[in-house]
């Protein structure tokens, strides 16, 4: 279901044909964590439901407000770390784009620090998990 929005004298439908990509038969789907924050949807459930159709991740965070915040991963309420770690375990071969806003950064150094933090977060949580020790290992 599309959500109708108004701005001044204009009206439009957002998220056409539907805000939830699971309801469509697209062969490849993007999961945007900032959008799951706004919609109150579980990013982990959505990723699981999309399974092999999940082809691209927009890595960002959000607090659950009605505003599409695009926070640095780890600064909001989305399960960014858990999602990335789960993708690493399953051998995800799609693409991941860091999609954060730096508008509130006071200067170039702060902007670069935010972007570096987002990239480091992604690299840390996408690192291949260590193999569990064998049951008979000493």
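Numbering (the working numbering), first residue to last: 201 to 338.
Ideal Cβ placement from N, Cα and C applies to all residues, glycine included.
DSSP places residue 325 in the helix class (H, G or I) of the three-state scheme. Counting along the chain, no alpha helix (DSSP H) covers residue 232; the unbroken beta strand (DSSP E) around it starts and ends at 229 to 232.
Bridge pairing for residue 303: absent [DSSP].
Annotation for residue 250: the continuous alpha helix (DSSP H) segment containing it runs 243 to 250.
A direct Cα-Cα distance of roughly 8 Å separates residue 246 from residue 231.
At least 9 Å separates the beta-carbon of residue 260 from that of residue 242. Taking a C-beta distance under 9 Å as the contact criterion, residue 255 and residue 229 qualify as a contact pair. The straight-line gap separating the alpha-carbon atoms of residue 307 and residue 317 is approximately 16 Å. In this structure, residue 310 lies away from residue 258, with their beta-carbon atoms at least 9 Å apart. Leaving aside the five residues that flank residue 240 on each side, the residues in its chain whose CB is nearer than 8 Å to its CB run, in chain order, 264.
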